[in-house]
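A short write-up of the structure that comes next.
Protein chains in written order, with the numbering used here: chain F, 1 to 306; chain S, 307 to 623.
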């Protein structure tokens, strides 16, 4: 099956296999054993992620500032030697807050992205495995959930429940596993019909053996690619919720929260309260997308087209 | 084709039934149970019993659901627990602003995305393609509220070209007339959606350039301009327009953020305020309408695609 088979046709729905930028999507599948070209996307993506993790976790040990004490005498100061990125409306150091707030963004994003991928993989694999009426019903549930904009569902859920980081992980994962479910179900159906799987079955291999030894390893690449996109999306969704005032509650704060605080006094032109947090989000999300695309390249040639 | 249409229609009906069940089911999740949440603050015992009567609470759940469905189908979505006005009238008041915003942005996004996708496909892996791909990465990774804030900082606060607040006039004509206020919100939404569309347009154009009909047209002596205009452009436009129909939920989600940032009292703004004020009748009523619109939009997009693609249209069953 070539990559440009039916699944890559431009009818592709949002949420189905997203056409990623260039790499792998419009390239013929290489033989699995062929020498792999250098994978700059993966390297650059991982490097940016490593830097951001160091920045958020090691940074506060070097750049020590009190990021909890509100001090209105210091509010909205422009960047200076004492405050490298200035201060926010509460008089808190922006760079210091960027580091600690980043921990929350990264942790909630990682947990929610992983959880979404797990739920989606299980749902999709079970639907593809059962087939028939169960499959049809499970996929209609996915269709129905797709009809609601994620952010609107999140608004409702965070209005019902008091948002804590743990709750946000479940709520974000609970609304974003749909694309993974469709993807994995498609892969389970495709893999089930592949010659090597049929051959194993014909030679007397049991169903469990097929699933554990053949289907799971081959679907692993697909899921790994999807996890990085899920984490990227979860970070943006968390930031959006915080921006709307329905994310983590004070004194906790994340990057979306910081932009929201800056946007309140946007007419005063305090750019340092908005640009750094935005840049941090974009860096992490672009890096995760690069990693996803790089992984896709790396797994290209496996039995399921990407 | 008829079989496909019937199957697709029955799927849509099944999905709509699930959507209504989900929205109906949400009221048991609400704090204080369905009565409290639907009435809101300042309720009296009389109110509660009137509500119980109106909604048929206390009767079997199936009957409650059918009563509720009947009311919804008659256009009765209940009334706001905070403002007291009917959910339907809030929707009617806010819908024109959102329509003006999203439609303008969707058209603009397609006008940006399709030519970009074509240029990228023609020079695939060229320097320009790489640069545009980079932009598309950033456009996709950038949260729309950040993009909007940057646009406000640059074009409203620093350069004073456009207004930082969206149009406040009611009605589609009023919104569209206020171009100084409309530009930044539309631009924010269009860049956000355009980045998604451009990827699909690029993939569609690459596919189209390598297809048999383009080869045939070239073989028949059609010049590059004719091939582009009559074959590649048209065939890359169709999937993007279909995609626009399918991305209705994402566009509504994006417009919610843009409306909150630019203070435009549209559908998304109402939803946001309802969430902040715990106004559950408004939240649930709006969500039901949006869900129904999304299912219908995806159905129409599929049918539109079917009608637009001659290979599907003329296929013998």
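Don't be surprised by glycine CBs; every beta carbon is placed ideally from N, CA and C.
In terms of Cα proximity to residue 584 of chain S, the closest of S/490, S/335 and S/546 is S/335. The beta-bridge partner set that DSSP reports for residue 87 of chain F consists of F/93. Sequence-distant Cβ neighbours of residue 424 of chain S in its own chain, meaning closer than 6 Å and more than five residues away, are 511. Not one beta carbon of chain S lies nearer than 8 Å to the beta carbon of residue 55 of chain F. For residue 317 of chain S, the enclosing alpha helix (DSSP H) stretches over residues 308-332. Shown here for residue 594 of chain S: same chain residues with a beta carbon closer than 8 Å to its own, the five before and five after excluded, namely 325, 326, 329, 378 and 383 in chain order.
Contacts with chain F (Cβ-Cβ distance below 9 Å) from the region 578-591 of chain S involve 578, 580, 581, 582, 583, 584, 585, 586, 589 and 590, listed in chain order. Around the beta-carbon of residue 505 of chain S, 16 or more other beta-carbon atoms lie within 10 Å, marking it buried.
By the rule that beta-carbons nearer than 8 Å mark a contact, residue 271 of chain F touches chain S. For residue 450 of chain S, the three-state secondary structure derived from DSSP is helix. CA-CA distance, residue 482 of chain S to residue 245 of chain F, rounds to 29 Å. Under a 10 Å Cβ-count criterion, residue 534 of chain S is classified as buried, with 16 or more other Cβ atoms of the shown protein chains found around its own Cβ. Shown here, residue 253 of chain F sits in coil according to DSSP, grouped into three states, outside any helix or strand. Between residue 254 of chain F and residue 104 of chain F, the gap from beta carbon to beta carbon is short of 8 Å.
For residue 545 of chain S, the enclosing alpha helix (DSSP H) stretches over residues 539-552. Residues are counted here when their Cβ sits less than 7 Å from a Cβ of chain S; for the region 127-145 of chain F these are 140, 141, 143 and 144, given in chain order. For the region 159-187 of chain F, the set of residues with a beta-carbon nearer than 8 Å to any beta-carbon of chain S comprises 159 and 160, in chain order. Look at the beta carbons and you see the region 40-49 of chain F not touching the region 57-76 of chain F: under three pairs across the two are nearer than 8 Å. In this chain, residue 460 of chain S is not harboured by any alpha helix (DSSP H), its DSSP state being neither H nor E. Residue 164 of chain F counts as exposed, since fewer than 16 other C-beta atoms from the protein chains shown sit within 10 angstroms of its C-beta.
Here residue 267 of chain F is exposed: its Cβ has fewer than 16 other Cβ atoms, across all protein chains shown, within 10 Å.
Rounded to whole angstroms, the separation of the alpha carbons of residue 484 of chain S and residue 471 of chain S is 11 Å.
Taking a contact as a CB-CB distance under 8 Å, the pair residue 577 of chain S and residue 562 of chain S counts as one, their CB atoms being some 6 Å apart. For residue 285 of chain F, the residues of chain S that pass the 7 Å Cβ criterion are 447, in the order they occur in the chain. Close to residue 289 of chain F, with beta-carbon spacing below 9 Å, are these residues of chain S in chain order: 443, 446 and 447. Residues of chain S with a Cβ closer than 8 Å to the Cβ of residue 189 of chain F do not exist, since the nearest Cβ in that chain sits about 18 Å away. In the three-state DSSP reduction, residue 75 of chain F falls in the coil class, being neither helix nor strand. Taking every protein chain shown into account, the CB of residue 248 of chain F has 16 or more other CB atoms within 10 angstroms, so this residue is buried. Along the region 43-54 of chain F, there is no position whose C-beta sits under 8 Å from a C-beta of chain S. Of all residues in the region 204-238 of chain F, only 232 and 236 come within less than 8 Å of chain S when Cβ atoms are compared, listed by chain position. Taken through DSSP and simplified to helix, strand or coil, residue 385 of chain S comes out as strand. At least one CB atom of chain F sits nearer than 8 Å to the CB of residue 464 of chain S. For residue 69 of chain F, no alpha helix (DSSP H) encloses it, and the DSSP letter there is neither H nor E. With contact defined as three or more Cβ pairs closer than 8 Å, the region 181-197 of chain F and the region 123-138 of chain F are in contact.
Scanning chain F for C-beta atoms nearer than 7 Å to the C-beta of residue 451 of chain S yields 240, 243 and 259, reported in chain order. Using a Cβ distance threshold of 8 Å, residue 285 of chain F and residue 225 of chain F do not count as a contacting pair.
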